[in-house]
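Note sheet for the following structure.
There are 2 protein chains.
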Amino acid sequence: MKELAHPAAPSAIDLRGRAHCVDCAIRQHAVCSHCEVDELEFLSAIKTYRSYRAGEPILGMGERATFLGTMVEGVASMSRLLPDGRRQVVGLLFPGDLLGRPFSPVSPFEYVAVTEARLCAFDRPQFETALRETPSLERRLLEMTLDELDSAREWMVLLGRKSAQEKMCSFFALAARRALRLEKRDPIDGMLLVLPMSREDMADFLGLTIETVSRQISALKKVGVIELIDARHLLIPSWSDLLDAAGGDSELD
Amino acid sequence: MKELAHPAAPSAIDLRGRAHCVDCAIRQHAVCSHCEVDELEFLSAIKTYRSYRAGEPILGMGERATFLGTMVEGVASMSRLLPDGRRQVVGLLFPGDLLGRPFSPVSPFEYVAVTEARLCAFDRPQFETALRETPSLERRLLEMTLDELDSAREWMVLLGRKSAQEKMCSFFALAARRALRLEKRDPIDGMLLVLPMSREDMADFLGLTIETVSRQISALKKVGVIELIDARHLLIPSWSDLLDAAGGDSELD
DNA sequence: ATCCTTCGTTGACCTGGATCAAGGCGGGAA
DNA sequence: TTCCCGCCTTGATCCAGGTCAACGAAGGAT
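Quick note, the sequences are listed as chains C and S, same order. Just so we're aligned, residue 3 is where the first sequence starts under this note's numbering, counting upward by one. Just so we're aligned, residue 3 is where the second sequence starts under this note's numbering, counting upward by one.
Given below as structure tokens:
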């Protein structure tokens with residue numbers, strides 16, 4: 003996972019991966035959700051699917067990105083590495099989310115596939131031109147960016163003011179809501195939550211250490227806020243208990 | 003400061019405050035910076051200046067906002083109050099910054115004037131219509147939102163992974179850069195930095211307590227990274243020393 | 001089957017920053 | 001001038017979460 007020959011080269015590119023946009027399962031969440039058929043056709047012409055294995059880098063920090071794209075499957079992380087090795091995950095990307103920084107060729111953050119992932123990628127200059135010429139695209143990007151900004155600020159509250167326990171609960175709530183959204187289902191008590199990431203990724207997302215994450219999970223299991231099946235699977239017996247323990251959750255993600 | 007009769011009512015509204023946009027000192031930083039003369043004239047027709055005293059609330063959390071606007075003078079904070087009183091400042095607004103959440107009438111954060119402040123306010127529905135009909139406005143808002151998102155993520159790194167000392171230095175660097183930008187000057191060693199806010203606001207911005215802020219300032223003074231004139235004024239003897247002590251600063255704000 | 005190697009858990013201990021508490025200082029009111 | 005009162009600083013103590021360390025469980029490779 004650490005020693006891949008070509009960090010920015012996906013493990014597979016399907017150059018002719020022209021699945022029909024109209025059939026795209028995640029389009030309603032994506033930057034192209036407001037597009038008309040002809041606009042979709044144009045995008046379709048410049049799109050390429052890229053697949054990544056879990057742990058594989060997608061874009062490096064400070065690297066010149068040649069593309070950007072929509073997450074189609076899987077989860078990716080966006081993070082910053084400090085000179086001394088400390089790491090902060092500043093965002094998780096779920097299907098529908100846009101990966102990459104429009105209008106800026108070098109991203110100040112690195113993107114890594116957290117699970118096996120698939121990206122609907124666009125050549126950067128072409129996509130940026132499309133953005134400028136297609137109001138429905140630009141408008142949707144603005145909507146998405148405003149929402150992401152709200153989420154980022156929400157997360158700042160968590161990072162700055164919440165206890166380790168509250169952070170864990172907020173994270174579970176976030177992960178559960180994002181999973182539910184894709185399945186178009188509402189939260190229910192007793193639901194299963196699949197954790198898409200390692201303890202280390204969670205720790206780096208929450209501003210904690212893996213040990214603290216592990217301990218808090220054990221503590222939450224003991225008080226019954228969660229029921230642990232195995233390291234990656236848990237049940238949420240009571241959604242409202244979870245939100246209470248999350249300390250002022252704003253239902254945003 | 004805590005017991006104001008009408009939280010959302012500014013201390014003064016100049017209804018005929020129609021200073022010419024073309025002469026506006028901060029327009030180049032504002033959402034209207036890409037506008038043509040005719041577009042400026044339209045905005046001018048729907049704008050109103052609002053003044054706030056230091057400490058005065060501008061928009062409450064969860065409150066239905068009737069306006070949003072560009073900061074013209076002064077500094078405002080954007081923050082979230084947790085049910086138990088903990089507070090996190092998620093952003094500072096300097097002249098040129100847009101105050102308020104476009105396309106969403108209720109802001110999930112509260113805005114407070116940190117110093118005496120002046121706002122170029124627009125009626126929300128009218129401004130949103132203008133946004134939708136004016137590509138130069140919408141495009142500029144997108145640019146600004148993308149930049150703010152980068153800054154927010156930068157701040158997440160600080161909140162999640164930096165030490166109290168690094169946080170203080172990053173804050174000084176941020177405040178200095180924002181001040182310099184307005185004056186169109188470059189950072190120089192020995193420059194004076196005016197702190198626009200109280201220890202409490204800094205603490206809430208950095209995810210610290212006032213005591214820690216105070217102690218770190220003393221510590222930084224002792225090691226010579228800053229020179230304290232009084233509680234609100236300090237010198238930055240060496241810009242590079244400051245950035246070193248800030249631990250991986252990305253020059254962003 | 002056996003060995004790694006990675007990941008997660010748990011325990012023991014430490015420490016950075018929070019908390020609690022006491023003054024200092026400066027500006028406005030009387 | 002004196003007295004507040006809101007800020008800021010500093011000291012003493014505490015504790016949530018970090019650090020260090022050991023170990024178990026679950027794959028993969030051979």
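We treat Cβ as the ideally placed atom computed from N, Cα and C, and that holds for glycine.
Which first and last residues belong to the beta strand (DSSP E) in which Phe124 (chain C) is found?
Residue numbering aside, residue 124 (chain C) sits at position 122 when the first sequence is read from its first letter. First-last of the beta strand (DSSP E) with Phe124 (chain C): 119 to 125.
Need the endpoints of the beta strand (DSSP E) that Ser224 (chain C) sits in, please.
Taking the first residue of the first sequence as position 1, residue 224 (chain C) is located at position 222. Looking at the sequence provided, one finds Lys at residue 224 (chain C) rather than Ser. From DSSP, Lys224 (chain C) is part of no beta strand (DSSP E) but of the alpha helix (DSSP H) over 212 to 225.
Check whether the Cβ of Thr257 (chain S) lies closer than 8 angstroms to any Cβ atom in chain C.
There is no way to answer for residue 257 (chain S), as the model of chain S reaches only from 3 to 255.
Nearest neighbour of Met1 (chain S), chosen from S:Gly76, S:Ser220, S:Thr72 [CA to CA]
There is no way to answer for residue 1 (chain S), as the model of chain S reaches only from 3 to 255.
At least one CB of chain C closer than 8 angstroms to the CB of Leu151 (chain S): is that the case?
The residue labelled residue 151 (chain S) in the question sits at position 149 within the second sequence. Yes, contact with chain C.
Using the beta-carbon of each residue, which ones in chain C are nearer than 9 angstroms to Glu140 (chain S)?
Within the second sequence, numbered from 1, the residue matching residue 140 (chain S) stands at position 138. Within 9 angstroms Cβ-Cβ: Pro137, Glu140, Arg141, Leu144.
Cα-Cα separation between Ile228 (chain S) and Ala166 (chain S), rounded to whole angstroms
The count along the second sequence starts at 1 and reaches residue 228 (chain S) at position 226. The count along the second sequence starts at 1 and reaches residue 166 (chain S) at position 164. The C-alpha of Ile228 (chain S) lies about 15 angstroms from the C-alpha of Ala166 (chain S).
Do the region 76 to 83 of chain S and the region 124 to 132 of chain S meet, that is, are 3 or more Cβ pairs less than 8 angstroms apart?
They do not touch, by the three-pair rule.
For Val31 (chain C), tell me which candidate among C:Pro137, C:Pro12, C:Thr147 has the shortest Cα-Cα distance.
As a working mapping, residue 31 (chain C) is identified with position 29 in the first sequence. Note on residue identity: the sequence assigns His, not Val, to residue 31 (chain C). Put simply, of C:Pro137, C:Pro12, C:Thr147 the residue whose alpha carbon is nearest the alpha carbon of His31 (chain C) is C:Thr147.
Let's test the definition: count the other Cβ atoms within 10 Å of the Cβ of Ser256 (chain S) and tell me whether it reaches 16, buried, or not, exposed.
What the structure shows of chain S is the stretch from 3 to 255, and residue 256 (chain S) is not part of that stretch, so it cannot be assessed.
Would a check of beta-carbon distances place Trp241 (chain S) closer than 8 angstroms to chain C?
Within the second sequence, numbered from 1, the residue matching residue 241 (chain S) stands at position 239. Under the Cβ criterion of 8 angstroms, Trp241 (chain S) is not counted among the residues facing chain C.
Min CB distance Arg257 (chain C) to chain S below 8 angstroms
No answer is possible for residue 257 (chain C): the residues shown for chain C start at 3 and end at 255.
Counting Cβ pairs, one atom from each stretch, are 3 or more of them under 8 angstroms apart for the region 50 to 68 of chain C and the region 102 to 117 of chain C?
Three or more Cβ pairs drawn from the region 50 to 68 of chain C and the region 102 to 117 of chain C lie within less than 8 angstroms of each other, which places the two stretches in contact.
Beta strand (DSSP E) containing Arg169 (chain C): first to last residue?
To locate residue 169 (chain C), count along the first sequence from 1; it is residue 167. Reading off the sequence shown, one finds Lys at residue 169 (chain C), where the question assumed Arg. Taken as a continuous stretch (DSSP letters only), Lys169 (chain C) belongs to no beta strand (DSSP E), being part of the alpha helix (DSSP H) at 166 to 185.
What would DSSP say about Gly162 (chain S), mapped onto helix, strand or coil?
Along the second sequence, one-based indexing puts residue 162 (chain S) at 160. The DSSP-derived three-state label of Gly162 (chain S) is helix.
Amino acids of chain C, ordered along the chain, whose beta-carbon sits closer than 8 angstroms to that of Leu161 (chain S)
Walking along the second sequence from the start, residue 161 (chain S) turns up at place 159. Near Leu161 (chain S) (Cβ distances below 8 angstroms), the residues of chain C are Met158, Leu161, Gly162, Gly209.
Nearest to Gly162 (chain S) by CA position, among C:Ala205, C:Arg103, C:Asp255, C:Ile28, is which residue?
Taking the first residue of the second sequence as 1, we reach residue 162 (chain S) at position 160. Checked all of C:Ala205, C:Arg103, C:Asp255, C:Ile28; the closest Cα to Gly162 (chain S) is C:Ala205.
Is Asp251 (chain C) close to chain S, meaning its C-beta is less than 8 angstroms from at least one C-beta of that chain?
On the first sequence, residue 251 (chain C) is found 249 positions in, with the first residue counted as 1. With 8 angstroms as the cut-off, Asp251 (chain C) does not count as an interface residue toward chain S.
Would a C-beta distance cut-off of 8 angstroms place Gln90 (chain S) and Arg82 (chain S) closer than the cut-off?
By 1-based counting over the second sequence, the position of residue 90 (chain S) is 88. By 1-based counting over the second sequence, the position of residue 82 (chain S) is 80. Against a cut-off of 8 angstroms, the Cβ pair of Arg82 (chain S) and Gln90 (chain S) comes out as a contact.
Coil, strand or helix - Pro239 (chain S) by DSSP:
What you label residue 239 (chain S) is simply residue 237 of the second sequence in a count that begins at 1. In the structure shown, Pro239 (chain S) sits in coil (DSSP, three-state: anything other than H, G, I, E or B).
Between the CA atoms of Lys224 (chain S) and Leu6 (chain S) - distance to the nearest angstrom:
Stepping through the second sequence from its first residue, residue 6 (chain S) is reached at position 4. Stepping through the second sequence from its first residue, residue 224 (chain S) is reached at position 222. Because the pLDDT of Leu6 (chain S) is 40, which lies under 50, any placement of that residue in the model is unreliable, and the number read from its coordinates should be weighed accordingly. So the two alpha carbons sit approximately 40 angstroms from each other.
Please confirm if Arg88 (chain S) has its CB atom under 8 angstroms from at least one CB of chain C.
Counted from its first residue, the second sequence places residue 88 (chain S) at position 86. Yes, contact with chain C.
Could you please tell me which residues of the region 90 to 104 of chain S, in chain order, have their CB closer than 9 angstroms to any CB of chain C?
For the region 90 to 104 of chain S, the beta-carbon criterion of a distance under 9 angstroms to any beta-carbon of chain C is satisfied by Gln90, Val91, Val92, Gly93, Arg103, Pro104.
Opposite Ser79 (chain S) in the DSSP bridges: which residues?
In the second sequence, residue 79 (chain S) corresponds to position 77, counting from 1. Answer by DSSP bridge pairing, in chain order: S:Leu94, S:Val114.
Could you tell me if Ala247 (chain C) is buried or exposed, where buried requires 16 or more neighbouring beta carbons within 10 angstroms of its beta carbon?
Position 245 of the first sequence, counted from the start, is the residue given in the question as residue 247 (chain C). Ala247 (chain C) is buried by the Cβ-count criterion.
To which residues of the same chain is Ile28 (chain C) closer than 7 angstroms at the C-beta, ignoring the five residues directly before and after it?
Mapped onto the first sequence, residue 28 (chain C) falls at position 26. Closer than 7 angstroms at Cβ, skipping near neighbours: Val74, Pro97, Gly98.
Environment of Asp251 (chain S) [buried if 16+ CB atoms lie within 10 Å]:
Residue 251 (chain S) sits at position 249 when you count from the first residue of the second sequence. That one is buried.
Validate contact between the region 175 to 191 of chain S and the region 232 to 243 of chain C using beta carbons, cut 8 angstroms, 3 pairs
Verdict: no, contact absent.
Using only CA atoms, which one of C:Phe44, C:Gly249, C:Glu150 lies nearest to Arg88 (chain S)?
Numbered from 1 along the second sequence, position 86 holds the residue referred to as residue 88 (chain S). Taking only the C-alpha atoms, the option nearest Arg88 (chain S) is C:Gly249.
For Thr131 (chain C), which three-state DSSP category applies?
The residue labelled residue 131 (chain C) in the question sits at position 129 within the first sequence. Of the three classes helix, strand and coil, the one that applies to Thr131 (chain C) here is helix, per DSSP.
Thinking just about the alpha-carbon of each residue, which of C:Pro137, C:Ala175, C:Leu100, C:Ser242 is nearest to the one in Gly71 (chain C)?
Sequence index remark: in the first sequence, residue 71 (chain C) carries index 69 (1-based). When C-alpha distances from Gly71 (chain C) are compared across C:Pro137, C:Ala175, C:Leu100, C:Ser242, the shortest belongs to C:Leu100.
Identify whether Ile231 (chain S) lies in helix, strand or coil by the three-state DSSP scheme.
Translated into positions along the second sequence, residue 231 (chain S) becomes position 229. Residue state for Ile231 (chain S) is assigned as strand, using DSSP reduced to three classes.
Note the first and the last residue of the continuous beta strand (DSSP E) segment covering Val196 (chain C).
Within the first sequence, the letter at position 194 stands for residue 196 (chain C). 193 to 196 is the extent of the beta strand (DSSP E) around Val196 (chain C).
Return helix, strand or coil for Thr147 (chain S), following the three-state DSSP convention.
As a position in the second sequence, residue 147 (chain S) is number 145, starting the count at 1. Residue state for Thr147 (chain S) is assigned as helix, using DSSP reduced to three classes.
Relative to chain C, which residues along the region 105 to 137 of chain S have a C-beta separation below 7 angstroms, given in chain order?
Residues Phe105, Pro110, Phe111.
Limits of the unbroken beta strand (DSSP E) element including Leu61 (chain S)
Within the second sequence, residue 61 (chain S) is the residue found at index 59, counting from 1. For Leu61 (chain S), the enclosing beta strand (DSSP E) has its first and last residue at 59 to 61.
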